[in-house]
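FYI, the numbering for the sequence shown is 46 to 435, going by this note's numbering.
For glycine and all other residues, C-beta sits at the position ideal for the given N, C-alpha and C.
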Amino acid sequence: MKIDRLELRLLKLPLVHFFETSFGRIDEKHFILVRLDGDGASGYGESVAELDPYYSCETNDTVWHIVADFVAPRVLGREFAHPREISPALKAIRGNNMAKAAVEMAAWDLFARQRGESLARVLGGTRERIASGVSIGIQPSVDALVGKVERELAAGYRRIKIKIKPGWDLHPVESVRARFGAIPLMVDANAAYTSADADHLARLDAFDLMMIEQPLDYDDVAEHAALQRRLKTAICLDESIKSLAVAREAIAAGACRIINIKPGRVGGFAESIRLHDLCAAHGIPVWHGGMLESGIGRAANIHLSSLPNFSLPGDVAASRRYFDPDLIEPPIEVAADGTIPVPTGPGLGVTIREDRVDRATLKKAAFEAATQQGGQAGRQEGGKAEAEVR
Numbered sequence: 046m047k048i049d050r051l052e053l054r055l056l057k058l059p060l061v062h063f064f065e066t067s068f069g070r071i072d073e074k075h076f077i078l079v080r081l082d083g084d085g086a087s088g089y090g091e092s093v094a095e096l097d098p099y100y101s102c103e104t105n106d107t108v109w110h111i112v113a114d115f116v117a118p119r120v121l122g123r124e125f126a127h128p129r130e131i132s133p134a135l136k137a138i139r140g141n142n143m144a145k146a147a148v149e150m151a152a153w154d155l156f157a158r159q160r161g162e163s164l165a166r167v168l169g170g171t172r173e174r175i176a177s178g179v180s181i182g183i184q185p186s187v188d189a190l191v192g193k194v195e196r197e198l199a200a201g202y203r204r205i206k207i208k209i210k211p212g213w214d215l216h217p218v219e220s221v222r223a224r225f226g227a228i229p230l231m232v233d234a235n236a237a238y239t240s241a242d243a244d245h246l247a248r249l250d251a252f253d254l255m256m257i258e259q260p261l262d263y264d265d266v267a268e269h270a271a272l273q274r275r276l277k278t279a280i281c282l283d284e285s286i287k288s289l290a291v292a293r294e295a296i297a298a299g300a301c302r303i304i305n306i307k308p309g310r311v312g313g314f315a316e317s318i319r320l321h322d323l324c325a326a327h328g329i330p331v332w333h334g335g336m337l338e339s340g341i342g343r344a345a346n347i348h349l350s351s352l353p354n355f356s357l358p359g360d361v362a363a364s365r366r367y368f369d370p371d372l373i374e375p376p377i378e379v380a381a382d383g384t385i386p387v388p389t390g391p392g393l394g395v396t397i398r399e400d401r402v403d404r405a406t407l408k409k410a411a412f413e414a415a416t417q418q419g420g421q422a423g424r425q426e427g428g429k430a431e432a433e434v435r
């Protein structure tokens, strides 16, 4: 597999409904799309970085900079026998997992398309359908939350996740339990609490939750271990798990009983597979988190979720909950039984609507492998780039 061209686009898509977490509220999604071209095929990767450095220290601006100035020169014009070789080629770049993941995931899509195989098959997936859960942001009122949960259950979702923060936790959860009984229910705090809140969080044990996701700070494994000993409810780690090494530490410390896998957070598909395998070896179930991806990133999430240890419903919901229209055809839909079929066509297995991508594009740049022997693309190593800003 040889990558001849890399294209970056910054896109903006309006959300069907606002989405609010403990980080704040957004009404539109800004994200970077990577396209790789080689041997007559194209592969796509969607960055999950955001405008602001709240979920992660990475932003759209840092992703653009890292890919354009450091990643592109290391991948353009090189021969890769397999996309697993992309991550080692980028090892010199510390951190910046979301930037590296967007390119690495595009390389997996390109590789699968060149082979005429589905991305799931290339990744080692075993499922033909995945179970779908839904994430519900903080609502204006408890009544609004209950109404939203009712609609999502009617749509078939197998698990409900509600966002919480101090002042919006016990009463919303109690209200949902009172109204809907023993539905699969979990909460996500996005690191909104501290160890001083342990007694308060322990009151959530009364509601038989599947898990409490990331209650404490994103870089504090020790405090999560102490909190897990205090709680009956399983802790699931999200923001904390930035690498395989941290996952090993968290599992050894007893800081969690479940792990959320997001390829962008850990650096791509190859690292996600290693994390999946590590958790399976230790009896830790995993599920696939979501970052309000467009249909392009959402399709990638479906393929990874077909691996065997993704045993809990993930945050992979229908396209129409977020974007209308989406960037792909057909849109991703959830069946009445709460499952989504894994696409079987080459690569992502969905049709990307280039016209919609064009309309959503705020700026773009393209980088090509230099024609001279030994040259590589990018501003730093003698290649050529063309850019357009709208």
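Helix, strand or coil: which one does DSSP assign to residue i?
i, result
"ALA142", "Looking at the sequence shown, residue 142 is not Ala but Asn. In the structure shown, ASN142 sits in a helix (DSSP, three-state: H, G or I)."
"LYS277", "coil"
"SER288", "coil"
"MET46", "coil"
"GLU431", "With a pLDDT of only 47 at GLU431, under 50, the local geometry of the prediction cannot be trusted, and the value read off the model is given with reservation. It is a strand residue."
"GLY423", "Residue placement at GLY423 is flagged as unreliable, the pLDDT there being 42, under the threshold of 50; the coordinate-derived value follows with that caveat. Three-state result, GLY423: coil."
"GLU197", "helix"
"ALA410", "strand"
"LEU282", "strand"
"GLN417", "Confidence at GLN417 is low in this model, with a pLDDT of 30, below 50, so the placement of that residue should be treated as unreliable; the coordinate-derived value is given next. Three-state result, GLN417: coil."
"GLU52", "strand"
"THR104", "strand"
"ASP228", "Reading off the sequence, residue 228 comes out as Ile, not Asp. In the structure shown, ILE228 sits in coil (DSSP, three-state: anything other than H, G, I, E or B)."
"GLU294", "helix"
Please identify the residue among the options whose C-alpha is closest to the C-alpha of residue i.
i, options, result
"ASP154", "LYS136, ALA134, GLU91", "GLU91"
"HIS321", "ASN142, MET336, GLY170", "GLY170"
"THR384", "PRO217, ALA227, GLU162, ALA362", "ALA362"
"TYR100", "ALA295, ARG404, LEU261", "LEU261"
"GLU284", "GLN259, PRO98, GLN159", "GLN259"
"LEU198", "ASP188, GLN184, PRO229, ARG172", "PRO229"
"SER317", "ALA290, ALA298, LEU337, ASP371", "ALA290"
"HIS27", "ASP214, ALA267, ARG222", "This structure gives no information on residue 27, because the portion of the chain shown stretches from 46 to 435."
"GLU95", "ALA113, ALA380, GLU73", "GLU73"
"TYR263", "SER288, MET256, ARG274", "SER288"
"GLY182", "LYS208, VAL194, ASP253, PRO128", "LYS208"
"ALA292", "ASP242, PHE156, VAL218, ALA326", "ALA326"
"LYS210", "LEU249, GLU338, VAL191, SER339", "LEU249"
"VAL266", "MET256, ALA298, ALA247", "ALA298"
"ASN305", "PRO376, HIS333, GLU294, ALA295", "HIS333"
"GLY390", "ALA237, PRO98, ARG166", "ARG166"
"HIS75", "ALA86, PRO98, GLU124", "PRO98"
"SER339", "SER364, PRO330, VAL331", "SER364"
"THR107", "HIS127, LEU53, ALA227, HIS62", "LEU53"
How about residue i and residue j: are their beta carbons less than 8 angstroms apart?
i, j, result
"GLY178", "GLY359", "yes"
"ASN142", "VAL311", "yes"
"GLU149", "PHE412", "no"
"ASN235", "THR66", "yes"
"LYS47", "GLY88", "no"
"ALA369", "GLY201", "The question names Ala, but residue 369 is Asp in the sequence shown. Taking 8 angstroms as the Cβ cut-off, ASP369 and GLY201 do not qualify as a contacting pair."
"ARG172", "VAL387", "yes"
"ALA279", "SER240", "no"
"ASP233", "LYS206", "yes"
"ILE347", "ILE175", "yes"
"ARG50", "ALA151", "no"
"ALA134", "ARG158", "no"
"LYS307", "VAL93", "yes"
"ILE77", "LEU55", "yes"
"PHE252", "GLU219", "yes"
"ALA144", "ILE111", "yes"
"ALA243", "ARG275", "yes"
"ILE329", "MET256", "no"
"GLY309", "SER163", "no"
"ALA300", "LEU282", "yes"
Residues bridged to residue i by DSSP?
i, result
"ARG129", "Answer is none; ARG129 lacks a bridge partner."
"GLU91", "LEU78"
"THR66", "GLY69"
"ASN305", "TRP332"
"ALA176", "THR384"
"ASP233", "LYS208, GLU258"
"TRP213", "LYS210"
"LEU58", "LYS74"
"GLY83", "ALA86"
"GLU124", "LYS47"
"ILE373", "ILE397"
"GLY359", "SER177"
"GLY390", "DSSP output for GLY390 lists no bridge partner at all."
Run the proximity test for residue i: is its beta-carbon closer than 7 angstroms to any non-hydrogen atom belonging to the ligand HEM?
i, result
"LYS136", "By its list of ligands, the structure shown contains no ligand whatsoever, and the ligand HEM lies outside what it can speak to."
3-residue-minimum beta strand (DSSP E) runs that sit fully inside the stretch 309-357, ordered along the chain: Segments of the beta strand (DSSP E) lying fully in the stretch 309-357: 331-333.
Taking only runs of the beta strand (DSSP E) that begin and end inside the stretch 151-195, which ones reach a length of at least 3 residues, in chain order? Every beta strand (DSSP E) stretch that sits fully inside the stretch 151-195 and reaches 3 residues is listed by chain position as 174-176, 178-181.
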